[in-house]
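Reading through the structure tokens given below for one structure.
Protein chains: 2
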Amino acid sequence: MLTNRPEETFGLLLADGARLLRLRIDRALEEAGLGLTPGEARTLAYVALSPASRQTALAAQMNVEPMTLVAFLDRLESRHLVVREQDPTDRRAKIVRLAPEAQPILERVHGVTRKVQERALQNFRPEEVEMLQALLKRMRANITASEPGRGQE
Amino acid sequence: MLTNRPEETFGLLLADGARLLRLRIDRALEEAGLGLTPGEARTLAYVALSPASRQTALAAQMNVEPMTLVAFLDRLESRHLVVREQDPTDRRAKIVRLAPEAQPILERVHGVTRKVQERALQNFRPEEVEMLQALLKRMRANITASEPGRGQE
DNA sequence: GGCGATTAGTAAGCATGCCTTATTATCTGA
DNA sequence: TCAGATAATAAGGCATGCTTACTAATCGCC
């Protein structure tokens, strides 16, 4: 008896998988010499996906606190990869846009993440990749849905 | 055209899934009031899985640097959840064992991670859970294998 | 019009995880 | 016996993401 109950294996699997994947993406981005941290790259990708969003909306979409996003945007802006414009309809709000210079960077980010993905899913058949993708998507939906206020009550 | 190419969706899915899962486990452990950080909990689980291992072996199994493990063990030891004994066959090495007091804590950690898992996989059928588990396991194997330098060989 | 409540963004500071580089003690093998 | 490898550790660094608190602007409502 090795204390090898399935639950514990699955919990570790989740935690390890999550951790390792993060690490690989992190390292791959670093090796790419883009000067982007994973969070910055992720932010860039989301800005590209939802152009002309407000910061609050972007943060909600990314599932991070607004404050966390501010830090990413600060760094991206100082690299001239995004622009913050004032929302003409609300002077408190800002609209985030991709800077033109960001386009090639974005392509390279995609290249990097694609490579990580390929390595992680090396011997998977295409339908297995799709299956994994579908399951993960459902899992993410469950996770984000199960958090009401964030602190919850 | 929403720049909605599949690659980028999958990359974000991987990154987001990894991040969110980590966060949930983190928060669940904190709410449980065990006074354990995720890393500590993970370490505890691994010590239980491979009792009487050396630190180096444990670190390799956990896929962290030895130095990272030292920090976790320091904290676990100061809480009397693990014990470090000298390896009788090598005075440099130490054998890590679970302290008797750790057993109930470990059970509660399992409870917490099981709950996170249940919430994340809410509407999954049992065979889907198994499928996900199998795919993740293969992915983890790919990831750890693809690291030449330190990931063991 | 004006006052309170809410909202957008931000400042500051903290904990965690994980790494890297370097140090000390010990072991091993030629 | 002595060089080189190995086990654990010390010290320090960076990124992530959070929380709490503050400012400015807007909205709701009388």
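Same order as they appear, the protein sequences are chains R and F. Everything in the first sequence is counted per my numbering, starting at 3 for the first residue and increasing by one. Everything in the second sequence is counted per my numbering, starting at 3 for the first residue and increasing by one. Glycine included, each C-beta is placed from N, C-alpha and C at the ideal position. Everything numeric in this text was worked out from a predicted model, so none of it was measured.
Out of the options, which has the shortest C-alpha to C-alpha gap to residue i?
i: residue 57(F); options: 21(F), 32(F), 82(F) and 86(F); result: 86(F)
i: residue 127(F); options: 131(R), 137(R), 132(R) and 16(R); result: 137(R)
i: residue 83(F); options: 48(F), 63(F) and 119(F); result: 48(F)
i: residue 99(R); options: 65(R), 12(R) and 45(R); result: 45(R)
i: residue 119(F); options: 97(R), 144(R) and 111(R); result: 144(R)
i: residue 113(F); options: 124(F), 11(F), 27(F) and 79(F); result: 27(F)
i: residue 15(F); options: 75(R), 24(R) and 125(R); result: 24(R)
i: residue 35(R); options: 107(R), 131(R) and 76(R); result: 107(R)
i: residue 78(R); options: 88(R), 132(R), 50(R) and 124(R); result: 50(R)
i: residue 52(R); options: 21(R), 97(R) and 33(R); result: 97(R)
i: residue 124(R); options: 33(F), 37(F) and 140(F); result: 140(F)
i: residue 88(R); options: 55(R), 40(R), 39(R) and 22(R); result: 55(R)
i: residue 37(F); options: 80(F), 72(F) and 17(F); result: 80(F)
i: residue 95(F); options: 21(F), 60(F), 142(F) and 73(F); result: 60(F)
i: residue 17(F); options: 73(R), 32(R) and 64(R); result: 64(R)
According to DSSP, is residue i helix, strand or coil?
i: residue 15(R); result: helix
i: residue 147(R); result: helix
i: residue 41(R); result: helix
i: residue 30(R); result: helix
i: residue 25(F); result: helix
i: residue 36(R); result: coil
i: residue 5(R); result: Since pLDDT at residue 5(R) reaches only 41, below the 50 mark, its modelled position is unreliable, and the value read off the structure follows with that caveat. Residue state, collapsed to three classes: coil.
i: residue 154(R); result: Interpretation of residue 154(R) is limited by its pLDDT of 32, a score under 50 that renders its predicted location unreliable; no figure is taken from the coordinates.
Drop a sphere of 10 angstroms on the beta-carbon of residue i, count the other beta-carbons inside from all chains shown, and report buried for 16 or more, exposed for fewer.
i: residue 92(R); result: exposed
i: residue 19(R); result: buried
i: residue 105(R); result: exposed
i: residue 42(F); result: buried
i: residue 13(F); result: buried
i: residue 122(F); result: buried
i: residue 115(R); result: buried
i: residue 102(R); result: exposed
i: residue 30(R); result: buried
i: residue 66(F); result: buried
i: residue 111(R); result: buried
i: residue 147(F); result: exposed
i: residue 69(R); result: exposed
i: residue 135(F); result: buried
i: residue 221(F); result: Residue numbering for chain F in the displayed model covers 3 to 155; residue 221(F) lies beyond these limits and cannot be assessed.
i: residue 9(F); result: Per-residue confidence for residue 9(F) stands at a pLDDT of 49, beneath the threshold of 50, marking its modelled position as unreliable; no derived number is given.
Mind listing, in chain order, the continuous alpha helix (DSSP H) runs of no fewer than 4 residues lying wholly within the stretch 45 to 127 of chain R? 57 to 64, 68 to 80 and 104 to 122
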